[in-house]
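Number of protein chains: 2
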Amino acid sequence: MRMEVIAVGTELLLGQIANTNAQWISRELAHYGANIYHHSVVGDNLTRVVESFEQAKQRSDVVIVTGGLGPTEDDLTREAACEVLQDELIEHEPTMNKIAHFYKKNDHQMTENNRKQSHVLKKAKVLENSEGMAPGQIVEANDATFIFLPGVPAEMKSLMNDFVFTYLTEKYQLETKIKSEMLRFIGIGESTLEEKLKDLIAQQTNPTIAPLAGEGDVAIRLTASGKHPERKIANMKTSILERVGHYYFGSDSITIEEAVQDLLVQKSLTIGSAESLTGGKFIERVIRLTGASSICQGGLVAYTPDAKQRVIQVPEEIITRHGTISSECAEEMAIQAQKLLHVDISISFTGVAGPSSSEGHEPGLVYIGIKANDAPAEVIQCYFDGSRDKIRQRTVTKGFELLFHKLNL
Amino acid sequence: MRMEVIAVGTELLLGQIANTNAQWISRELAHYGANIYHHSVVGDNLTRVVESFEQAKQRSDVVIVTGGLGPTEDDLTREAACEVLQDELIEHEPTMNKIAHFYKKNDHQMTENNRKQSHVLKKAKVLENSEGMAPGQIVEANDATFIFLPGVPAEMKSLMNDFVFTYLTEKYQLETKIKSEMLRFIGIGESTLEEKLKDLIAQQTNPTIAPLAGEGDVAIRLTASGKHPERKIANMKTSILERVGHYYFGSDSITIEEAVQDLLVQKSLTIGSAESLTGGKFIERVIRLTGASSICQGGLVAYTPDAKQRVIQVPEEIITRHGTISSECAEEMAIQAQKLLHVDISISFTGVAGPSSSEGHEPGLVYIGIKANDAPAEVIQCYFDGSRDKIRQRTVTKGFELLFHKLNL
């Protein structure tokens, strides 16, 4: 089964938006093993839209068209479809009622062009659009099946989810279902991870094993097809975690801060921070999560040496003797934060974000302190590459990594 | 002059990435008034790449091709180009030297397939790639000019900037230069802004005036073409700012936090925050900026009532009597933060981010306090719609808006 995706809209050819609709449709259909051979974009011009539909009809079995179903003059998908599929437009009554009802409810005058959105091809199977006005349409012609969807991503996605995936899988018996799971690791480099799984990767067939480097973490995507893909994935996951389970913090869309939050909740522990170069970025990532109040008291952000004394109560002597970018300062920041915030675990960040040096240290030098319960504070020294933004992000991610491994014992 | 953009790469048809190259090229060329009629994506399959080049040769004057110039077996753009343009490949010596040098420097063995990246069409004008290995190529055939560029966005962009824009503007006398400026406003709604500029918008021709709603701010894009577009924009900008200049905080890519930072620097003032629901997001957006140390001491993040007493020293009595989500608590937070952080201006945030209610208040209720120098603290009450994330973002943006208008007198 040969498929293609056509997007209709001049805004795409002007570069105002990227064709993310084609990406989304392709990625989702890839799970079913569908073969998409072409993406194309054509502007709001009847001749060119007709040409691109004609070409698609020749070369593909299924053509998914997004866009050009709106109420204005330059929405031409319906007209082009009639020409190519030798059909005519009729008014779809349920849609017309929906449009009229909408205008009545909002006390607006319905203009004549709004009627256009209720027009469908006579031969079309009409798909109700729960997110907007213009319905989707499926037209089964002799050469090819055309599926017309609105260009607004939310509307396109809801129609794909509500009708199109089912239609395609049933009609074309797309059985080779593909399942995948993304295993997420932290504290291990991509090359070390690959080294440890070398033989598994060499033998991979089904599931396939694809290592992917992220920002501060590493992931492995397992993709299985055929019968019982879940079972194949589960078995491979077990083999992998036997070797590198220590670094695994969760699957799919989980973030390292969520993994840390889960552990804090499980262990009924609270956390707080004392931050210099990260400027509140750590505590912000904690408080961003729903349920933060059960694990988090708050944080102290002290960007200047003066604020470190005043806010975090780092003794002046430590700053004079060791500077604020020092293991000693990080240690003291963690100790004081635990006391001041009244938390079980505190974490501190001090270092040089750049772009210029500070206290004679180059950008990228960072100290992270952790004080957990009654144990003495621990400090680690790190070097991070990159821009000011990257150094600050990597510092915070490293903080979550250290906390995860401390809590996950 | 009819143009089109073809992207070669199966990763696009699998939906692993969106075709942002076509978007970028189109947006940049739109400034020169170029007409792009088609975007298409084709996978790494020789027959289909040849077909798409053939079609483009028929219908377009200029064809920009991205991707398929790498070293591996499935990089087929060169081979397809030879077939369609009846040409042959030769080794480009400077590129070959560059590749060999790279491998030598990094002490790696160069594999035979790396040689492939130095192959170019005999008729091609070769464009040196300052960001990577494979050079760009321009081939002027009878029917159409083909421009071949690597698919890696940074390499594609550098070749466009270094050679292709100049080549196209010279060859096709693309004179109708378009200039645009984005005027950014805060503290005024999109509809009020439109109302105040109604007659200007009604008369618009050149420059055009397009209002755009953003997240917390509103922008107007002025786009002028023809001779002296800068002058046309400057004149219209003056007319617009005469009416709504109070809300204008800068142009193009400036953010509201940068505008606030500029004002603080100008006035030699320092700032600090006391944050509850925003969790450090305000101070993080200040410290993120280069040069933060000259304007910012730090911040206090207190998420729980206990932390508000302990860290920000809000008197227990205020919390018992008014709750933490109150004008009184916001006021006290601002007052204490100014003292504790030793800053000229302090700002406080307390409210309900959701998803559940807190102290009997619905998500979205927020108090923002500001204490500037010796003036009494001011508190404003706001309601924000949306998810936890949105409420927290809107709160912080509102804070910057209040500071901007306070400082910009």
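Chains as they are written, first to last, in numbering that gives the first Met the number 0: chain F, 0 to 408; chain E, 0 to 408. We put the beta carbon where it would ideally sit given N, CA and C, even for glycine.
L11, L12, L13, G14, Q15, I16, A17, N18, T19, A21, Q22, W23, I24, S25, R26 and E27: these are the residues of the region 11-27 of chain F whose beta carbon lies less than 8 Å from some beta carbon of chain E, given in chain order.
By the Cβ criterion, the region 176-196 of chain E is not in contact with the region 90-108 of chain E, since fewer than three pairs of Cβ atoms, one from each stretch, lie closer than 8 Å. When DSSP states are grouped into helix, strand and coil, E/E180 belongs to the strand group. DSSP places F/Q260 inside the alpha helix (DSSP H), whose first and last residues are I255 to Q265. The beta carbons of E/K121 and E/I137 sit about 13 Å from each other, so the pair does not count as a contact at 8 Å.
Inside the region 26-57 of chain E, DSSP marks whole beta strand (DSSP E) runs of 3 or more residues at positions 34-41, from first to last along the chain. Rounded to the nearest angstrom, the gap between the Cα atoms of F/K104 and F/E130 is 17 Å. Following the DSSP letters along the chain, one finds F/Q392 inside the alpha helix (DSSP H) bounded by residues R387 to L406. In this structure, the CA atom of F/R220 is about 10 Å from the CA atom of F/K236. Judged by DSSP secondary structure, F/A336 falls outside any beta strand (DSSP E) and instead within the alpha helix (DSSP H) spanning S326 to L340.
For a Cβ distance threshold of 9 Å, residue set G279, I282, E283, R284, V285, I286, R287, A291, C295, G297 and G298 of chain F lies close to E/G278, ordered along the chain. The residues L276, R387, I390 and R391, in chain order, have a CB closer than 6 Å to that of E/A352 in the same chain once the five nearest residues on each side in sequence are set aside.
Secondary structure within the region 157-231 of chain F: the alpha helix (DSSP H) runs of 4 or more consecutive residues, fully enclosed, are 164-170, 189-195 and 197-202 (chain order).
The continuous beta strand (DSSP E) containing F/F248 extends over residues Y247 to S250.
The Cβ neighbour count for E/L339, taken over all protein chains shown within 10 Å, is at least 16; the residue is labelled buried. Taking 8 Å as the threshold, the shortest C-beta distance from F/D305 to chain E falls below it. Note that the region 314-325 of chain E does not touch the region 255-266 of chain E; fewer than 3 beta-carbon pairs, one per stretch, sit closer than 8 Å.
The beta carbon of F/L84 sits closer than 6 Å to the beta carbons of V138 and A140 from its chain, once the five residues preceding and following it are set aside; these are given in chain order. Going by beta carbons, E/I185 and E/D216 fall inside the 8 Å limit. Residues of chain E whose Cβ lies closer than 9 Å to the Cβ of F/I390 do not exist; the shortest such Cβ separation is about 11 Å. Counting every other CB atom within 10 Å of its CB across the protein chains shown gives E/S355 a total below 16, marking it as exposed. In this structure, E/E127 is the residue among E/E127, E/I344 and E/I367 with its C-alpha nearest to the C-alpha of E/S157. Collapsing the DSSP output to three states places E/I98 in a helix. Rounded to the nearest whole angstrom, the C-alpha separation of F/P206 and F/L199 is 10 Å.
In this structure, the alpha-carbon of E/I98 lies about 38 Å from that of F/G359. The three-state reading of DSSP puts F/E377 in strand, counting E and B together. Taking a contact as a CB-CB distance under 8 Å, the pair E/L406 and E/V259 counts as one, their CB atoms being some 7 Å apart. Boundaries around E/R309 are those of the alpha helix (DSSP H), P304 to R309, since no beta strand (DSSP E) includes it. DSSP, read as helix, strand or coil, puts F/H360 in strand. Between E/A329 and E/S272, the C-beta spacing is not below 8 Å. Annotation for F/N113: P70 and I98 place their beta carbon closer than 6 Å to its own, counting only its chain and skipping 5 residues before and after. Secondary structure note for F/E3: its beta strand (DSSP E) is the uninterrupted segment R1 to V7.
Pairing E/I286 with E/T269 gives a Cβ-Cβ distance that is not under 8 Å. Under the Cβ distance rule, E/I219 does not count among the residues neighbouring chain F, no pair being separated by less than 8 Å. The contact set of F/Y36 on chain E, defined by CB atoms closer than 9 Å, consists of L12, V41, G42, N44 and R47 in chain order. Using a CB distance cut-off of 8 Å, F/L262 does not count as an interface residue toward chain E.
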